[in-house]
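So in our numbering the end of the sequence shown lands on 509, straight run, no missing numbers.
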Amino acid sequence: MSLSKVLTRAALGVQAPLVTVEVHISNGLPALTLVGLPETTVKEARERVRSAIINSGFTFPAKRVTINLAPADLPKEGGRYDLPIAIAILAASEQLPDAKLGQYEFLGELALNGALCGVQAAIPAAMAALQAGRQMVLAEQNQQDVGLIQQGETLVGKHLVEICAFLHNKTTLTVAHYHPETLEQEKQDLSDIIGQDQGRRALEITAAGGHNLLLIGPPGTGKTMLATRLPGIMPPLDDQEALECAAIASLVSSGNLHHQWRKRPFRAPHHSASLYALVGGGSLPRPGEISLAHNGVLFLDELPEFERRTLDALREPIESGEIAISRTRAKVTYPARFQLIGAMNPSPTGHYQGNHNRSSPQQVLRYLNRLSGPFLDRFDLSLEVPLLPSGSLSKKQQVSESSAEVLTRVLAARQIQTARSGKVNAHLSNPEILRWCPLKQQDAEWLEEVLNSLGLSVRAWQRILKVARTIADLAGEELITRSHLQEAVGYRSIDRLMIYLHKTLE
């Protein structure tokens with residue numbers, strides 16, 4: 004026959020819309036025309052596919068070949084369409100039978116010798132094919148990634164000849180298998196940290212409730228060290244979370260995702276990172292750091308050194324757990340449910356009081372004003388990490404709790420939260436806060452007085468209640484008490500610092 008159709012998948016965010024590759028071979032001067040809104044890389048497939056077909060022992064038709072990638076309004080980029088185009092040309096020129104083409108979808112880049120190369124966004128494509136009741140055929144390089152999908156079977160091959168032999172029923176293709184790996188012991192342990200007991204406690208609460216944490220303190224006090232220990236006391240990813248993270252990571256990488264399987268992402272972009280690097284962007288939007296940190300931790304060190312508009316762009320994703328990126332050619336929504344950990348010095352010189360202070364209150368306030376109030380409002384806890392008392396380093400250190408010991412308590416608190424509301428406390432909605440965080444009348448009145456004295460918003464009220472709920476869960480208590488509220492209010496260091504500076508200037 005002179006007309007054939009082969010199914011494949013495009014990459015549009017974490018979605019993989021269906022693309023039909025149609026090939027028509029007609030009489031005329033030998034030519035190959037590619038239509039259907041292809042990018043430059045896709046147009047280059049003409050030369051790759053021609054060489055791959057010839058070097059695989061097949062005949063490239065010496066006729067007019069028209070290739071349509073439908074739907075035409077869907078942007079298409081990359082070399083992912085090489086394999087389906089080659090299969091469609093061989094089927095249209097009757098070098099391949101078309102009986103099995105409707106049962107499979109094909110995806111992969113071709114080398115000039117016909118070898119199959121891996122592509123990005125293989126996981127979303129394979130999942131979409133399985134949901135449609137078909138099997139995806141991919142390059143063997145993508146085997147470890149698509150093998151993470153435990154429902155259904157995905158086929159992999161090494162060469163165009165192997166795929167064609169399979170379609171001729173002469174051989175079978177390898178099924179991508181899931182190879183579970185045990186998580187390596189976290190090398191960075193909480194027991195490495197000297198002192199900073201309150202910082203450890205704040206980290207435990209942060210991990211247990213999924214809260215956002217701001218660490219404030221002079222240079223060298225252990226802020227970054229505390230932040231990097233957080234993944235070690237967080238529960239491992241469950242199957243659904245791990246697959247979501249792997250699917251997002253596959254958009255920017257085409258292999259070795261299985262090494263991070265079950266491990267929560269930890270992203271720490273430099274403070275010079277642009278808005279688009281952080282939230283995502285591009286003509287065909289790519290995921291940014293906040294999406295790559297989905298179900299994990301986004302650590303922003305030297306917080307005031309980031310551009311203000313870059314930080315303010317995080318406000319909506321923190322609340323909604325997703326980021327919508329609109330461009331002329333496409334609108335993409337990426338998941339972005341992450342825990343934000345910020346670290347900063349309290350002044351341009353690192354100190355705001357004491358012998359080391361070289362900044363006036365005006366300079367300190369000007370420095371802190373680089374961060375907008377609404378952005379600071381998104382932190383559930385803010386903690387001052389002070390210099391260690393004199394003699395702390397020279398005296399014999401007591402062995403502190405390890406990450407494994409803290410993780411045991413965190414897991415117990417998470418189980419309580421899941422059984423109660425099906426989510427961590429940080430994600431409770433307003434009606435759920437009213438239901439699961441009730442206060443005695445005198446405790447509610449006390450908390451309102453504290454909020455008024457600190458000049459805090461209603462959002463801060465809700466965040467304090469959620470933190471107090473987590474503290475109660477860690478203690479195994481059903482009701483929130485005054486002591487839980489007092490500890491939660493104690494983690495509002497940035498508010499007390501602002502009040503101190505304003506009083507100093509009066």
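Using N, Cα and C, we set each Cβ at its ideal position, and we do this for glycine too.
Given a cut-off of 9 angstroms on the beta-carbon distance, is the pair residue i and residue j in contact?
i       : j       : result
Leu-343 : Ala-316 : no
Leu-133 : Thr-157 : yes
Val-22  : Lys-103 : no
Ile-126 : Ser-253 : yes
Ile-197 : Ala-179 : no
Asn-172 : Val-159 : no
Pro-288 : Val-335 : yes
Ala-339 : Leu-303 : no
Ser-362 : Ile-219 : no
His-162 : Leu-206 : no
Glu-108 : Ala-135 : yes
Leu-93  : Val-24  : no
Pro-237 : Ala-210 : The residue you asked about is not Pro; residue 237 is Met in the sequence shown. In this structure, Ala-210 lies closer than 9 angstroms to Met-237 by Cβ.
Leu-113 : Ala-128 : no
Ala-95  : Val-149 : no
Arg-472 : Trp-439 : yes
Which of helix, strand or coil does DSSP assign to residue i?
i       : result
Val-2   : Because the chain here runs from 4 to 509, residue 2 falls outside it and cannot be looked at.
Gln-465 : helix
Ala-142 : strand
Phe-269 : strand
Thr-231 : helix
Gly-160 : strand
Gln-18  : strand
Cys-248 : helix
Thr-43  : helix
Cys-120 : strand
Ser-486 : helix
Gly-345 : strand
Lys-79  : strand
Leu-414 : helix
Ser-424 : helix
Lys-8   : strand
Leu-459 : coil
Could you spell out the range, first to last residue, of the alpha helix (DSSP H) harbouring residue i?
i       : result
Pro-127 : 125-134
Ala-91  : 85-95
Any beta carbon from chain D within less than 9 angstroms of residue i's own beta carbon?
i       : result
Ala-416 : This model lacks chain D altogether, as it is built from one protein chain only.
Who pairs with residue i in a beta bridge, going by DSSP?
i       : result
Pro-290 : Gly-283
Tyr-2   : In the structure as shown, the chain begins at 4 and stops at 509. Residue 2 is therefore absent and cannot be evaluated.
Lys-334 : Ser-329
Thr-177 : Val-159
Thr-62  : Its beta-bridge partners do not exist; DSSP assigns none.
If you drop the 5 nearest sequence neighbours on each side, which residues of the same chain put their C-beta closer than 6 angstroms to that of residue i?
i       : result
Phe-382 : Asn-215, Leu-217
Glu-292 : Arg-270, Pro-272, Leu-281
Thr-231 : Gln-191
Val-427 : Gly-212, Gly-213, Gln-420
Ser-1   : For residue 1 there is no data in the structure shown, the boundaries of the chain being 4 and 509.
Can you list, in chain order, the residues of its chain with a C-beta nearer than 8 angstroms to that of residue i? Leave out the 5 residues immediately preceding and following it.
i       : result
Glu-404 : Leu-193, Ser-194, Arg-203
Ala-475 : Glu-481, Leu-482, Ile-483, Thr-484, His-487
Gly-324 : Pro-338, Ala-339, Arg-340, His-430
Can you find the residues in the same chain that come closer than 7 angstroms, C-beta to C-beta, to residue i, ignoring five residues on each side of it along the sequence?
i       : result
Pro-100 : Leu-170, His-171
Can you give me the start and stop residues for the beta strand (DSSP E) that residue i sits inside?
i       : result
Phe-102 : Note that residue 102 is Ala in the sequence shown, not Phe. Here Ala-102 belongs to no beta strand (DSSP E), and DSSP marks it neither H nor E.
Ile-70  : 67-73
Thr-224 : From DSSP, Thr-224 is part of no beta strand (DSSP E); its letter is neither H nor E.
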